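Written out below as structure tokens is the structure these notes cover.
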Amino acid sequence: MAGGWARDGAVSEQIEASISDELARMKARQAPVGDSLTHCAECEEEIPEKRRVALPGVKLCIECQQDRDQSFQARGGINRRGSKDSQLK
57 MAGGWARDGA VSEQIEASIS DELARMKARQ APVGDSLTHC AECEEEIPEK
107 RRVALPGVKL CIECQQDRDQ SFQARGGINR RGSKDSQLK
């Protein structure tokens, strides 16, 4: 279901490309390395052993990690549709 001058399947291709871009960005994100800390690097609360085993190299407790994740600002996406002017050229 494409609209205007777009070919059939163009919308699905845009969605798939956006998902692929985001997955690639997430995979490129550095994973923790080294030994896990026994206590949180920010609040010094003890990090549960199950968390340290599940996530080798973990440095933050669950609460501090959640706070950091919530403060993450998503970057702007790419406008794959372009402007009408660019489509007329």
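Take any residue in the sequence shown, count from 1 to its spot, add 56: that is its number in the numbering used here.
Glycine included, every Cβ here is placed at the ideal spot set by N, Cα and C.
Since we're looking at a predicted model, the values are computed, not measured.
Contact under 9 Å by Cβ, residue i with residue j
i, j, result
"residue 116", "residue 124", "yes"
"residue 108", "residue 127", "no"
Cβ neighbours of residue i in the same chain (closer than 8 Å, five flanking residues each side left out)
i, result
"residue 84", "none"
"residue 79", "none"
Contact set for residue i: own chain, Cβ-Cβ below 6 Å, skip 5 residues either direction
i, result
"residue 101", "117"
"residue 99", "120"
"residue 89", "113"
Top-ranked residue by Cα proximity to residue i, from the options
i, options, result
"residue 113", "86, 75 and 79", "86"
"residue 147", "120, 90 and 89", "This structure leaves residue 147 out entirely; the chain is present only between 57 and 145."
"residue 96", "122, 71 and 68", "122"
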